[in-house]
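Below: the structure, in structure tokens.
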Amino acid sequence: MSAAPKVTALRGGHITLAAAADAFLATPRTANPNTHRAYASAIDRTIERLGRDRPLADVTDAEIGAALTELWGTSAPAAWNRNRAAVTSWLAWCRTKKHWAAPSVPAEAERRKESADETRAVAKTTIHRLLSRRDIPLREKTLWRTLYETAARTAEILALNVEDLDLEHRRAPVRSKGGATEWVYWDSGTAHLLPRLLRLPDGNTRTHGPLFLSERRPVPARRPAAADICPHTGRARLGYDHARVLLDKYAGLDLHQLRHSAATHLGEAEVPLQLIMGKTRHKNPRTAMRYVKPGAEAIAKVTEVLAPRRRTH
108 MSAAPKVTAL
118 RGGHITLAAA
128 ADAFLATPRT
138 ANPNTHRAYA
148 SAIDRTIERL
158 GRDRPLADVT
168 DAEIGAALTE
178 LWGTSAPAAW
188 NRNRAAVTSW
198 LAWCRTKKHW
208 AAPSVPAEAE
218 RRKESADETR
228 AVAKTTIHRL
238 LSRRDIPLRE
248 KTLWRTLYET
258 AARTAEILAL
268 NVEDLDLEHR
278 RAPVRSKGGA
288 TEWVYWDSGT
298 AHLLPRLLRL
308 PDGNTRTHGP
318 LFLSERRPVP
328 ARRPAAADIC
338 PHTGRARLGY
348 DHARVLLDKY
358 AGLDLHQLRH
368 SAATHLGEAE
378 VPLQLIMGKT
388 RHKNPRTAMR
398 YVKPGAEAIA
408 KVTEVLAPRR
418 RTH
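In the working numbering, the protein residues as written are 108 to 420.
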């Protein structure tokens with residue numbers, strides 16, 4: 108009697124998309140809260156589009172590409188690349204670290220070229236005019252003012268909790284890209300808006316939980332971590348993608364332009380590069396120089412030096 112043919116079982120064939128995502132998001136590579144939030148946002152939206160309970164092994168490369176295109180196909184190259192990279196890292200981890208049968212991001216869903224935009228800095232008058240508009244909700248006005256005055260990264264500010272705020276000294280600690288704790292500082296504009304943002308309908312003030320909140324409570328199927336839910340209102344932390352859409356809706360701007368503009372305006376005011384680096388927390392002078400190119404207003408003003416001297420008599 109001949110031996111039965113050997114059959115090798117497909118490892119991970121029972122793993123669902125949701126389970127695979129949870130396993131990846133529990134790894135040390137996403138330990139930084141900002142990183143975890145960015146990866147979770149991209150991966151969760153992708154698996155919602157594909158079906159959370161579907162087996163990972165059943166999903167094809169083409170389906171991954173279609174989901175990415177549907178979700179971020181019309182977004183700016185930076186947004187497409189950021190979300191594509193998160194999904195790519197997750198699927199690569201499933202294949203290489205867990206040896207699960209998992210799809211790949213297809214070749215046609217390739218990384219997009221992020222062309223250097225020489226007009227990213229917004230004039231100071233444009234920003235102040237935007238923030239004085241009466242049709243801008245308090246939450247957006249506070250977020251945009253905070254981003255501009257701190258010159259911080261959007262993910263850092265969205266990760267702030269109420270208990271992090273040092274309102275007296277107008278500062279708060281943030282987790283930087285490398286995981287270090289650094290301080291960001293704001294001015295009177297943000298200081299005036301924050302107490303209004305923290306005020307509850309009953310007159311009390313929020314003391315704990317996410318600083319910037321979404322409009323509604325999360326649905327059970329997509330309930331975030333407890334740390335991302337306000338204990339006073341039950342609402343979840345405001346996500347990057349929604350914040351990006353709102354700024355584009357009201358002003359046609361990108362969130363990073365507020366940080367870029369702040370650095371540019373400091374440069375135009377002849378603030379030394381060392382202080383600009385301290386404000387933006389860039390470590391490399393060459394990187395910081397990219398963000399402090401003179402804007403259109405400064406170039407127009409310096410052009411006056413080339414004009415003929417005016418007669419005084």
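We treat Cβ as the ideally placed atom computed from N, Cα and C, and that holds for glycine.
Two segments are said to touch when three or more pairs of C-beta atoms, one from each, lie closer than 8 Å; by this definition the stretch 393 to 407 touches the stretch 227 to 245.
Cβ contact annotation for Pro-184 (same chain, cutoff 7 Å, sequence separation greater than five): Arg-219, Lys-220, Glu-221, in chain order. Taken in chain order, the unbroken stretches of beta strand (DSSP E) that lie wholly in the stretch 227 to 297 and span 3 residues or more are 278 to 282, 288 to 292. Of the other Cβ atoms in all chains shown, 16 or more fall within 10 Å of the Cβ of Ser-368; this residue is therefore buried. About 4 Å separates the beta carbon of Arg-159 from that of Ala-125, a gap short enough to meet the 8 Å contact definition. Between Val-281 and Glu-270, the CB-CB gap reaches or exceeds 8 Å. The beta-carbon separation of Leu-254 and Arg-366, rounded to 6 Å, stays under the 8 Å limit for a contact. Counting along the chain, Cys-201 sits inside the alpha helix (DSSP H) bounded by residues 184 to 203.
The stretch 141 to 155 and the stretch 187 to 197 touch, with three or more beta-carbon pairs separated by less than 8 Å. Rounded to whole angstroms, Glu-411 and Glu-375 show a C-alpha spacing of 15 Å. Comparing alpha carbon positions, the residue from Leu-163, Ile-336, Glu-170, Ala-332 closest to Arg-323 is Ile-336. In the DSSP assignment, Thr-123 forms a beta bridge with Pro-162. Annotation: Thr-181 to Tyr-398 spans about 26 Å, alpha carbon to alpha carbon.
Between the C-alpha atoms of Leu-274 and Leu-354 there is a straight-line separation of about 25 Å.
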